[in-house]
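For the sequence shown, the residue numbers in our numbering are 2 to 85.
Beta carbons are placed, not taken as given, at the ideal position from N, Cα and C, and that holds for glycine.
All values reported here derive from a predicted model rather than from experimental measurement.
What follows is a short report on a single structure.
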Amino acid sequence: FYIEHNRGHHVRVATPEDPATSRFGESFYEFLPRCVYGSIKSAWEIEKQRLQKQGKSVWSIENDNLQAWAISVALFAAMTAWLG
């Protein structure tokens, strides 16, 4: 979330390129899937470009998206193990 929010949304806020800005007259049910999937796609592209500039693979441990997702999985697993 933070990659798209800080490096994408804040750069493109209120433009057609921003998946997190609703379109005029767009219903919530039209906006939600576009926002969710568009934000994931945008975050992946932003991180891919950043890593390519550094000569690193998008699948490296330095991918901030993968780190955040791994932490979420680990936290969920720990809470499940602890609380059942």
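For residue i, which of helix, strand or coil comes out of DSSP?
i          : result
residue 27 : coil
residue 53 : helix
residue 14 : coil
residue 63 : coil
residue 79 : helix
residue 20 : coil
residue 85 : coil
Hey, residue i and residue j: beta-carbon distance below 9 Å or not?
i          : j          : result
residue 5  : residue 15 : no
residue 43 : residue 9  : yes
residue 65 : residue 48 : yes
residue 2  : residue 75 : no
Report task. Decide yes or no for the touch test of the region 29-36 against the region 46-53: beta carbon pairs closer than 8 Å, at least 3 of them. Result -> The region 29-36 vs the region 46-53: no contact.
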